[in-house]
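Scroll down for the structure; my scribbles are underneath it.
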Amino acid sequence: MKTTPPSEILSTTLADYYNSFITTLPRIALSILVIIAGVLVARFLTNFYKRRVLKKAEDPLMARFLAQAIKFVFITIAILLALQVAGLDGVATGILTAAGGVAIVLGFAFQDIGKNFLAGIILAFNRPFNINDTIKVGELFGKIKALNFRYMHIKTFDGRDIYVPNSDVLTKPVENYTADGFFRNDFSVGIGYEDDIEDAKHIIQTILDTNEFIVHDDAHENFVFENELAASTVNLKVYFWVNTKDYRKSAIVVRGNLIRKIKETLEQEGFYLPADITELKLYGNEEDIPLRVKKDPGETKVS
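In this text, residue positions in the sequence shown follow my numbering: the first is 1, and each later residue adds one.
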């Protein structure tokens, strides 16, 4: 029996592989075109969705999240179709099967990523905030700018961009300052013990009632009342409501303007706004504290 040389077997095998490659080359090229076409279609549909739907959407966060999901689904479908076109149906099935197993393994290995992904899906459909809402999560305070699969983008009022994991947003208390558009702000005003409290309250209430930048309706009352008998002052507490669609302007700027207006008006009306007073007491066994009053250099000496 004649033995085929190893070199001839190798040559025949390579020739068979080459012929098979040449035969399947059009399929491979077509599958690559399918992937490219799928990516282009996914990009086109996503851009079309953003132009036509995103601008008119009542829920921009949900619209953006769905845009990302649409792109991901179309690219996945394009890859699976490309494998079928290339005649790799078994590979496609194997990939899906392996993907399930890998997902389980990765789920244990990367619990945080999976947790944030699932939290992002939950937040996309059920959340206590919308885009440009002012919220506080833990110690983070700012405006919502975007919601992605893994994190939420917050823009703080001092210009920082913070990306909070979705799982933290889902599990921690979220304070929304702009959900209904109203927020009650406050500050204290200290007057002297010798001042008339009712007159001071009347002046402050008049300022509140005539300020055009705070809310005036039956559901939101602006008022002032006696809050504390402090060491040096009688403290009055001022409460007022603002519209928080622009939180920074309404809650910070309006508050500062009110404080300035109240201070200036009270001073003009003769009210005393004292600073903290320190009282020194001397008991029987202590020596007197020597005091010296420094004369103002502008004063003339009186003989």
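Glycine included, every Cβ here is placed at the ideal spot set by N, Cα and C.
Counting along the chain, the unbroken beta strand (DSSP E) around E228 starts and ends at 223–229. Partner residues in the beta bridge of F187, as assigned by DSSP, are V238. DSSP places F213 in the coil class of the three-state scheme, outside both helix and strand.
Judged by their CB atoms, Y247 and R184 are not nearer to each other than the 7 angstroms cut-off. The alpha-carbon of I35 is positioned some 10 angstroms away from that of A29. In the three-state scheme derived from DSSP, where H, G and I count as helix and E and B as strand, D161 is classed as strand. With a beta-carbon spacing of about 45 angstroms, P128 and G192 fall beyond the 8 angstroms limit used to define contacts. Under the three-state reduction of DSSP, L273 is assigned to coil, being neither helix nor strand.
Taking one beta carbon from each stretch, the region 195–212 and the region 143–156 have fewer than 3 pairs nearer than 8 angstroms; the two do not touch. N130 and H220 have their alpha carbons spaced roughly 24 angstroms apart. Here E267 is actually not in contact with I203; their C-beta atoms are around 11 angstroms apart, not less than 8 angstroms.
Restricting attention to T265, T244, F48, I252, the CA atom closest to the CA of T134 is found in T244. Under the three-state reduction of DSSP output, A219 falls in the coil class, being neither helix nor strand. Residue state for Y247 is assigned as helix, using DSSP reduced to three classes. Just measuring C-alpha positions, the residue of N257, I214, K115, T206 sitting nearest G181 is I214.
In the DSSP annotation of this structure, the continuous segment of the beta strand (DSSP E) that includes T134 starts and ends at 134–137. Annotation for E175: the continuous beta strand (DSSP E) segment containing it runs 174–176.
With respect to the C-alpha of F187, the residue from K237, G38, K263 having the closest C-alpha is K237.
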